[in-house]
Amino acid sequence: MNYKYGVSCGILFLLFLPFNANAESVSMSVDLPIYTKSDIITIYGSITSEITLQISIIGPDGEIVADESVLIPPSDFSHSVILSDYDLERSGVHVISVMYDGNQLENEFFYDSGYNVNPMDVSNEHDTISESDQIFIFSISGIVIIGTVIFLARHSIIRKKTEYDTGEWDSKKNRDYEKYHSDWMSDEVNFERDGKKKLTDEEFRKSLLANNLPNYYEILQIQKNTSQAEIKNQYRHLAKKWHPDREKSPGAERKMMQINMAYEVLSNPKRRKMYDQHFSE
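Here the sequence shown is numbered in my numbering, starting from 151 and rising by one per residue.
Next up, the structure:
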């Protein structure tokens with residue numbers, strides 16, 4: 151009986167014998183598929199005496215990119231390896247190694263440096279533009295662009311439409327008339343006689359019989375043998391010079407009416423022939 155009791159006590163003593171009383175426990179947590187500069191690797195454990203952790207990080211080409219020593223007092227501990235504290239410039243598989251009291255832990259992790267590409271350091275307030283400043287800059291730019299467009303289109307915006315603009319006139323099909331009734335006119339001046347648009351053949355014949363036609367060659371400042379092309383060019387020149395919107399003298403309107411009348415006669419070969427025959431008699 152005493153023998154059995156002794157064996158039982160011996161077994162219980164062996165079961166509760168603290169074999170690991172002096173053993174150190176150190177582990178490392180590397181559980182992310184991809185690490186970036188903002189991530190952390192945790193080294194943790196429980197030790198009964200002070201130890202020194204030798205922590206190293208080896209890059210993809212075998213180069214040592216981090217190497218430090220950390221003194222850990224006896225306790226349950228946790229130490230964070232912050233990747234942003236180290237110069238990890240290349241993406242790829244890195245190895246983190248922890249050595250202590252002749253023991254070594256190693257783990258691989260994939261590091262992606264792409265997340266660290268930041269051309270502007272957000273911590274430097276002098277290199278950044280605040281949101282309110284950006285709104286102000288874009289507002290000023292928009293005002294400048296709109297103002298430029300309005301300035302360039304000012305003539306079309308403020309131009310007063312005339313009766314000529316709204317009406318259906320045969321003169322709109324006449325390139326010479328259209329050229330000199332352009333957008334720079336503020337008020338269209340009617341240079342025709344008695345409200346009519348053009349001198350009719352009947353009126354021209356009556357004027358010849360009444361012998362009251364002026365010297366149209368002198369009015370257009372041309373010779374009698376001047377060609378039709380030269381007559382047209384001279385008319386354009388005089389129209390630019392004497393148009394009432396450019397020439398503000400009292401007689402400009404009457405002068406322009408004479409120029410128009412002379413051109414209507416001399417630019418028409420039939421009328422010009424009749425006119426020349428009348429004055430040659």
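Ideal placement from N, C-alpha and C gives every residue a C-beta, glycine not left out. Keep in mind it's a predicted model, so treat the numbers as computed, not measured.
C-alpha gap between residue i and residue j, whole angstroms
i, j, result
"Gly212", "Tyr185", "18 Å"
"Val245", "Ile207", "6 Å"
"Lys374", "Lys391", "22 Å"
"Phe288", "Ser282", "10 Å"
"Ile295", "Ser280", "23 Å"
"Lys311", "Thr350", "28 Å"
"Asp395", "Arg386", "15 Å"
"Met406", "Ser291", "47 Å"
"Ala379", "Asn418", "12 Å"
"Asp426", "Ala303", "48 Å"
"Pro269", "Ser219", "Interpretation of Pro269 is limited by its pLDDT of 45, a score under 50 that renders its predicted location unreliable; the figure taken from the coordinates is listed afterwards. Distance between the alpha carbons of Pro269 and Ser219: 32 Å."
"Ser377", "His428", "19 Å"
"Arg422", "Lys398", "31 Å"
"Pro210", "Glu174", "31 Å"
"Ile214", "Ser241", "14 Å"
"Gly264", "Gly252", "36 Å"
"Glu368", "Arg355", "20 Å"
"Lys420", "Arg404", "25 Å"
"His393", "Gly297", "32 Å"
"Met424", "Arg309", "42 Å"
"Lys187", "Val176", "24 Å"
"Ser262", "Phe286", "One detail in the question is off: residue 262 reads as Asp in this sequence, not Ser. In a straight line, the C-alpha of Asp262 is about 37 Å away from that of Phe286."
Check whether residue i and residue j have beta carbons under 7 Å apart
i, j, result
"Ile201", "Val231", "no"
"Gln284", "Met249", "no"
"Ala402", "Tyr366", "no"
"Leu363", "Gln384", "no"
"Glu196", "Asp235", "A small fix is needed here, since residue 196 is Ser in this sequence, not Glu. In this structure, Asp235 does not lie closer than 7 Å to Ser196 by Cβ."
"Leu238", "Asp189", "no"
Classification of residue i by the beta-carbon crowding that lies within 10 angstroms, buried from 16 upward
i, result
"Asn410", "buried"
"His305", "exposed"
"Pro111", "The chain is shown from 151 up to 431; residue 111 falls before or after that span and cannot be answered."
"Ser336", "Note that Ser336 has pLDDT 39, beneath the 50 cutoff, so the model's placement of it is unreliable and no number is given."
"Ile193", "buried"
"Ile293", "exposed"
"Leu221", "exposed"
"Leu448", "An answer regarding residue 448 cannot be provided, because it is not within the stretch 151 to 431 covered by the chain."
Neighbourhood of residue i by C-beta distance below 6 Å, restricted to the same chain and skipping five residues each side
i, result
"Glu258", "Val243, Val245"
"Leu255", "Met178, Val248"
"Glu353", "none"
"Ser199", "Pro224"
"Leu416", "Tyr366, Ile381, Arg422"
"Ala216", "Ile207, Tyr236"
Nonlocal neighbours in the same chain, by C-beta distance under 8 Å from residue i, ignoring five residues either side
i, result
"Leu388", "Leu370, Gln371, Ile409"
"Ile307", "Ile300"
"Val518", "With the chain represented from 151 up to 431, any question about residue 518 goes unanswered, as that position is not in the structure."
Residues of its chain near residue i, where Cβ-Cβ distance is below 7 Å and the 5 sequence neighbours each way are ignored
i, result
"Ser228", "Thr192, Tyr194"
Short CB-CB distance (under 7 Å) between residue i and chain D
i, result
"Ser179", "Reference to chain D is not applicable here, since this structure consists of a single protein chain."
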